[in-house]
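Here's the structure, in structure tokens; my notes come after.
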Amino acid sequence: MKNIRNFCIIAHIDHGKSTLADRLLEYTKTVSGKDLQAQVLDNMDLERERGITIKSHAIQMEYEEGGEKYILNLIDTPGHVDFSYEVSRSIAACEGALLVVDATQGIQAQTISNLYMAIENDLTIIPIINKCDLASATPEEVEDQIVDLLGESAENIIRASGKTGMGVEAILHAIVEQVPPPKGDPEAPLQCLVFDSVFNPFRGIIAYYKVVNGSIKTGDKVKFIATGMEYEADEVGVLKLEMAPRKEVKTGDVGYIISGIKTSKEVRVGDTITHIARPALEAIEGFEEVKPMVFAGVYPIETEDFENLRTSLEKLQLNDASLTFTPESSVALGFGFRCGFLGLLHMEIVQDRLDREFGMNVITTVPNVSYQVYDKKGAMSEVHNPSGLPDPTLIDHIDEPYIRATIITQAAYIGPIISLCMDKRGILIKQEFISGNRVEVLFDMPLGEIVIDFYDKLKSISRGYASFDYHISDFRPSKLVKLDILLNGEPVDALSTLTHIDNSVSFGRRMCEKLKELIPRQQFDIAIQAAIGAKIIARETIKAVRKDVTAKCYGGDISRKRKLLEKQKEGKKRMKQIGTVEVPQKAFLAVLKLD
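If you count by full-length UniProt numbering, then the sequence shown holds residues 1 to 595, one letter each, in order.
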């Protein structure tokens, strides 16, 4: 056990952690020849295209130093804020962390939040400045920022480059020297921390874990503590580039277990595995249910694809345990599902994967967050969908989720960023200079306000410099109203939104104007109205397409023309009673991009 080292790499998005992982694998000869490609560990097409890590990946390397053989277990973690729970479980499975900072960009918001998570878990931090080979790199400045943040002395900071392989040997030496071997009792009852799971169509769900105490052998009868399910370990082993079966996985090692698990609900990230015969008395702490934060309706474009969509979502859930869905129906869109996502990036990725991996064409409704609605009797219910809101006369008050947002930016952009946050009903908590001209701003903001377009606006205001990180803080009472869109007096439920009373009138007006552009003209007038309850707050009219019926009257009596126009008017009236308004798919997406 004294020669095992478990470590992860933490960094902001795009600071080069996957590329650095490639160099470590190449240097230790874990991957060679034809297997060696850029971002070896990102095995999903989507990850390669977008250049982001979506799932955690674990791999074992063997490294020799000073005549001793060491086993290094690397867990590569996602950098995006939506997947922070997965990062926290990966960190809990390690004793050390490589803190990678880009030499051209310096410390960003995500770096700080992941760093605090690592420090809370008592990990040994090895600071690394990456991309030192670039012409625009400023390693001295970044070094000062890291010294300020960690209180490390500057000579302990390793300068490296994932592209050229500079500094890789120093990193491996530092891992062996500084990261402590795992603590654990090989004789104690088995405790394994599950930090990830993947779905294999032939073998069921494969859970990845770190053995904290005891050891696990092939053929053992095991139990998952949080779910209470019991299985037999058909195969256990360690994770090389492919899975390598072993007779036994011992204390401190990172491995996988295949036990024929069919449904994703049975394996939860953060769960503890133990033996049935000699169970551990308690689970490893830190396990929590992942709560989705953003909800949206997902509907098939062709109604007969409903069952296919259900199957696709079930298969996707096996690979992505944080996705939740329940069936729902809408008058405008037919049958579909209300899906819960961790955030907007997660929602985009699920949509992409449905399209790529299962060929499903779907319409997604306006994303919204979950609200806690209290009635007059004091009973609380969670509402994920505007149409699920009780009658306004029964509601006492509504609580909405608030987040604590950390934004790090250059001082030049601080004014526009603060006014953007204020527009989104943000409350400024504090503002401080970190180093040089970089400022950290803390805001409390309603999650519902940042769901749609906040991130895009932040990036464009700050020319891509501002970095943003958030976590859910609490629920607070708020004056929210349900805004309905009516077409010819009929509400279109898929366009309903919950919005703050101060923004409701301008939002309703903008929606009516946008829909007027997008809905094609019919043979009759269409009234588009925005309403709060029974009160109409905005209206636009789409004029009818009409034929010139008086064209055949050359001169003559006015009454002849009037007769033809009256006849046309009657026809239009009849048509309006039986005609239905087709809402194009673009209209549902337009609500997201109102500005």
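Yeah, the Cβ is synthetic: ideal placement off N, Cα and C, and Gly gets one too.
Measuring alpha carbon to alpha carbon, tell me which of 343, 4 and 75 ends up nearest residue 25. 75
Check whether chain B comes within 8 Å of residue 285, counting only Cβ atoms and requiring the distance to be less than that. The structure shown contains no chain B, having only a single protein chain.
Determine the extent of the alpha helix (DSSP H) in which residue 17 is found, giving its start and end residues. 17-27
With DSSP run on the structure shown, which of helix, strand or coil describes residue 69? strand
What residues in its chain sit with their C-beta under 7 Å from that of residue 200, if we drop five residues either side in the sequence? 206
Three-state class that DSSP yields for residue 371 in the structure shown: In the three-state reduction of the DSSP assignment, residue 371 falls in the strand class, which pools E and B.
Suppose only complete runs of 4+ residues qualify. What are the alpha helix (DSSP H) ranges in the stretch 286-318, listed by chain order? If we require 4 residues or more, the stretch 286-318 turns out to have no alpha helix (DSSP H) run fully inside it.
Between the Cα of residue 184 and the Cα atoms of 546, 95 and 408, which residue gives the shortest distance? Of the candidates 546, 95 and 408, 95 places its Cα closest to the Cα of residue 184.
Could you check whether the Cβ of residue 304 sits closer than 7 Å to any heavy atom belonging to the ligand NAD? The model on display carries no ligand, and the ligand NAD is accordingly not part of it.
Going by C-alpha distance, which of 212, 157, 144 and 18 is nearest residue 6? The shortest C-alpha separation from residue 6 is found at 212.
Tell me residue 339's beta-bridge partners as DSSP assigns them. Its beta-bridge partners are 296 and 325.
Grouping DSSP H, G and I as helix and E and B as strand, with all else coil, what is residue 3? Coil.
Run of the beta strand (DSSP E) containing residue 223, from where it starts to where it stops: 221-224
Alpha carbon to alpha carbon, how far is residue 390 from residue 529? 22 Å
8 Å Cβ cutoff met for residue 413 and residue 462: yes
Does the beta-carbon distance from residue 130 to residue 275 come in below 8 Å? no
Residue from 92, 157 and 87 with nearest C-alpha to residue 110: Nearest of 92, 157 and 87 to residue 110, Cα basis: 87.
Enumerate in chain order the residues of its own chain whose CB-to-CB distance from residue 29 is below 7 Å, with the five nearest sequence positions on each side excluded. none
Beta-carbon contacts of residue 167 that lie in its chain and below 7 Å, excluding the five residues immediately before and after: 158, 159, 160 and 161
Hey, would you say residue 191 sits closer than 8 Å to residue 214, going by beta carbons? For the 8 Å CB-CB criterion, residue 191 and residue 214 form a contact.
State the Cα-Cα distance for the pair residue 267 and residue 544, rounded to the nearest angstrom. Roughly 57 Å separates the two Cα atoms.
Locate the alpha helix (DSSP H) running through residue 170, then write down its first and last residues. 168-178
What's the gap between the Cα of residue 230 and the Cα of residue 91? 26 Å
How many angstroms separate the CA atom of residue 400 from the CA atom of residue 511? 23 Å
Quick check: the stretch 319-339 against the stretch 293-306, are there 3 or more CB pairs under 8 Å? yes
Could you tell me whether the stretch 170-189 touches the stretch 250-258, where touching means 3 or more Cβ pairs closer than 8 Å? The stretch 170-189 makes contact with the stretch 250-258; the number of CB pairs closer than 8 Å reaches 3 or more.
CA-to-CA distance, residue 450 to residue 546, given in whole angstroms: 43 Å
Kindly indicate the opening and closing residues of the beta strand (DSSP E) around residue 384. Counting along the chain, residue 384 falls outside any beta strand (DSSP E), and DSSP gives it neither H nor E.
Please report the straight-line C-alpha distance between residue 488 and residue 562, rounded to a whole angstrom. 27 Å
From residue 327 to residue 524, what does the alpha carbon distance come to, in whole angstroms? 35 Å
Going straight from the alpha carbon of residue 426 to that of residue 65, what length do you get? 53 Å
Beta-carbon separation of residue 296 and residue 386 under 8 Å? Not in contact: residue 296 and residue 386 (Cβ atoms no closer than 8 Å).
Evaluate residue 209 with the Cβ neighbour count: other Cβ atoms within 10 Å of its Cβ, from every protein chain shown; 16 or more gives buried, anything less gives exposed. buried
Please name the residue in 128, 216 and 377 whose C-alpha comes closest to that of residue 676. Only positions 1 to 595 of the chain appear in this structure, which leaves residue 676 out of reach.
Between the C-alpha atoms of residue 121 and residue 221, what's the straight-line distance to the nearest angstrom? 30 Å
DSSP beta-bridge partners of residue 406: According to the DSSP secondary-structure assignment, residue 406 is paired through a beta bridge with 442 and 469.
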